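Numbering (this note's numbering), first residue to last: 1 to 113.
Backbone N, C-alpha and C define an ideal beta-carbon position, used for all residues, glycine too.
Just so it is clear, the structure is predicted and the values come from calculations on it, not from any experiment.
In what follows, a single structure is set out as structure tokens and then discussed.
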């Protein structure tokens, strides 16, 4: 069985719930199985997460994968050489990224918000 794939917010939610309640994996799974939509902010990112994913995260482990927005922002901020933020090519590239997100109807804080 493979590790669960979670985003950063889901991983933090699982870790904070376990720390706050001192739950075992079994108690966490039981609680999520009884009511998978019980979580309140900031742990509401776990609402509706499949039970299989919770089980794998707690018993096998998990990998944190960035969301598409997080990957876009990281790439947007990635330096592209000396004085990258002032380089005409980089300015045009970043404007192109922002325009593509606008066309797709996607808002990414730090790029086109």
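- prompt: According to DSSP, which residues form a beta bridge with residue 64?
  reply: Here residue 64 corresponds to residue number 64 of the chain shown, with the count starting at 1. Partner(s): 6.
Rounded C-alpha distance that separates residue 65 from residue 10: Translated into positions along the chain shown, residue 65 becomes position 65. Translated into positions along the chain shown, residue 10 becomes position 10. Straight-line Cα distance between these residues: approximately 10 Å.
- request: Using beta-carbon positions only, say whether residue 108 and residue 78 come within less than 8 Å of one another.
  value: Here residue 108 refers to the residue found at position 108 when the chain shown is read from its first residue. Here residue 78 refers to the residue found at position 78 when the chain shown is read from its first residue. In this structure, residue 78 does not lie closer than 8 Å to residue 108 by Cβ.
message: Can you list, in chain order, the residues of its chain with a C-beta nearer than 7 Å to that of residue 18? Leave out the 5 residues immediately preceding and following it.
response: Against the chain shown, residue 18 aligns to sequence position 18. If we look at residue 18 and ignore the five residues flanking it on each side, its Cβ neighbours are 28.
message: Please state whether the Cβ-Cβ distance between residue 102 and residue 112 is less than 8 Å.
response: In the chain shown, the residue the question calls residue 102 occupies position 102. In the chain shown, the residue the question calls residue 112 occupies position 112. Yes.
- prompt: In terms of alpha-carbon separation, which member of 75, 60 and 15 lies closest to residue 42?
  reply: Translated into the one-based positions of the chain shown, residue 42 becomes position 42. With distances taken between Cα atoms, residue 42 lies closest to 15.
- request: Report the rounded CA-to-CA distance for residue 73 versus residue 106, giving the unit in angstroms.
  value: For this step, residue 73 is matched to residue 73 along the chain shown. For this step, residue 106 is matched to residue 106 along the chain shown. So the two alpha carbons sit approximately 12 Å from each other.
query: Within the present structure, is the beta-carbon of residue 99 separated from the nearest heavy atom of the ligand ADP by less than 7 Å?
result: The model on display carries no ligand, and the ligand ADP is accordingly not part of it.
- request: Taking only the alpha-carbon atoms, compute the straight-line gap between residue 36 and residue 58 and give it to the nearest angstrom.
  value: Position 36 of the chain shown, counted from the start, is the residue given in the question as residue 36. Position 58 of the chain shown, counted from the start, is the residue given in the question as residue 58. Residue 36 and residue 58: Cα-Cα distance of roughly 15 Å.
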